[in-house]
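Engineer:
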Amino acid sequence: MKQCPQCSRTYPDSTQFCGTDGSRLVAGPPDAADDSRWKPQPPGERVIPPSSSPPLPPPPPPDPVIVSAEAPVVDSGAVTPPFRPSRGKRRETRSGPIALIAGLVIVIGGLWWFWAHPNVELVNRLATTATVTLPSGDIVALAPGAHHSVRLNRRERAMRWQVSPDRSVTPSAAAIDRTSRIAFPSLPLGRARVELVADAGRDRFLAPLITNRTSGDLCILVNRVERPTGPRCDARVPPGSRDVFIGYYPLGSNSSVRALRQDGAGATYPQVAGQVRQGSGAVPLLFADRDFGVR
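Residues -2 to 292 (our numbering) are what the sequence shown spells out, left to right.
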């Protein structure tokens, strides 16, 4: 007979575990029905040691235990860790806010760049090439009708431009050294357009463009009708010249342009104010031999 060490119930020898609490059975009290098992063996009888007895069958495997994911469960001495999400999913959930923050940084940086460095487009509407001195000290030459874009710093709010007569002529002191300053009280966001024009506020200017189709030099007089004495010409234009810029001059309602030949013959364009082009101040004038009575 076998006995449970916990509840003291007895079982046959073929039983290995207690049916109540599952404890392994141990040898119990001798069975009264089998007295020969506990009697001493007679002399000379072979005694079989306990080690040579047939091995006992292994115990059946325990039933599977379903455990929850909230707490570890002790099973056969092993500890099951709690359930944790994989790191890959956690990285995916973090990538969304990171991408949003990066996008906001790029947008804010772009807005700051366009605000701090506005793009100014210069357009030359003058009758001749203008030399523009940028705030950085660089010099840009703009031909009539040309465009030039420059990106400025908001601390650099001024630049200068000037024009000079054509090198083929010799202007007098009567020609205005047309120089102007471009100032920006407040730079706009993004892009600004600035046109270089001849007029400055209420002051208007005239830019005669002389074409000489005579056989000799012409002495040009602007806003004067008297005969010059000595080198008092506003400009001397050689023969064959075409649309020569001789400088800017003050424009009035009775402004005129007169040309004199070397023999003293003259031709005059009176009241040219109505022919002056808006913005550039240019007025193209053609002088030929027939204008001086020469055939």
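From the three backbone atoms N, C-alpha and C, an ideal C-beta is built for every residue, glycine too.
Return helix, strand or coil for V194, following the three-state DSSP convention.
Structural biologist: Reduced to three states, the DSSP call for V194 is coil.
Engineer: Rounded to whole angstroms, what is the Cα-Cα separation between G213 and A189?
Structural biologist: Taking the straight line from one Cα to the other gives about 47 angstroms.
Engineer: Taking the alpha carbon of I207 as the point to measure from, which residue in R122, P281, A24 and L97 has its own alpha carbon closest?
Structural biologist: Answer by Cα proximity: P281.
Engineer: Going by beta-carbon coordinates alone, are R148 and T130 separated by less than 7 angstroms?
Structural biologist: No; because the gap between Cβ atoms is not below 7 angstroms, this pair is not in contact.
Engineer: Given a threshold of 16 other Cβ atoms within 10 Å of its Cβ, counted over all protein chains shown, does C4 qualify as buried or as exposed?
Structural biologist: The residue is exposed, with fewer than 16 neighbouring Cβ atoms inside 10 Å.
Engineer: Would you tell me roughly how many angstroms separate the C-alpha atoms of W35 and M(-2), rounded to the nearest one?
Structural biologist: The pLDDT assigned to W35 is 47, lower than 50, so where the model puts this residue is not dependable; a value taken from the coordinates is nonetheless given after this. Taking the straight line joining both Cα atoms gives about 12 angstroms.
Engineer: Taking only the alpha-carbon atoms, compute the straight-line gap between L101 and V273 and give it to the nearest angstrom.
Structural biologist: Rounded to the nearest angstrom, the two C-alpha atoms are 53 angstroms apart.
Engineer: Do you know whose CA, among L248, R258, E192 and F202, lies nearest L215's CA?
Structural biologist: Comparing Cα-Cα distances from L215 to each of L248, R258, E192 and F202, the minimum goes to R258.
Engineer: Below 8 angstroms CB to CB, which residues in the same chain sit around S177 once its five sequence neighbours on both sides are set aside?
Structural biologist: Result list for S177: R157, W158, Q159, L193 and A197, in chain order.
Engineer: Helix, strand or coil for I136 per DSSP?
Structural biologist: In the structure shown, I136 sits in a strand (DSSP, three-state: E or B).
Engineer: Going along the chain, which unbroken runs of the beta strand (DSSP E) with 3 or more residues stay wholly within the segment 200 to 249?
Structural biologist: Taking only runs of at least 3 residues, the beta strand (DSSP E) segments lying wholly in the segment 200 to 249 are 202 to 210, 215 to 219 and 232 to 234.
Engineer: Under a Cβ-count criterion, where at least 16 other Cβ atoms within 10 Å of its own Cβ denotes burial, should N251 be classed as buried or exposed?
Structural biologist: Exposed is the call here.
Engineer: Put G263 into one of helix, strand or coil per three-state DSSP.
Structural biologist: G263 falls in the strand class under three-state DSSP.
Engineer: Consult DSSP for Q272 and reduce its assignment to one of helix, strand or coil.
Structural biologist: In this structure, Q272 counts as helix in the three-state DSSP scheme.
Engineer: Report the rounded CA-to-CA distance for R201 versus P247, giving the unit in angstroms.
Structural biologist: One C-alpha to the other measures close to 6 angstroms.
Engineer: Report all residues from its chain with a CB closer than 6 angstroms to the CB of P267; omit the five preceding and five following residues, and keep chain order.
Structural biologist: Excluding positions up to five away in sequence, the list reads S253.
Engineer: Quick check on S11: buried or exposed, where buried means 16 or more other Cβ atoms within 10 Å of its Cβ?
Structural biologist: S11 should be labelled exposed.
Engineer: Name the one or two DSSP bridge partners that S146 has.
Structural biologist: According to DSSP, S146 bridges with E118.
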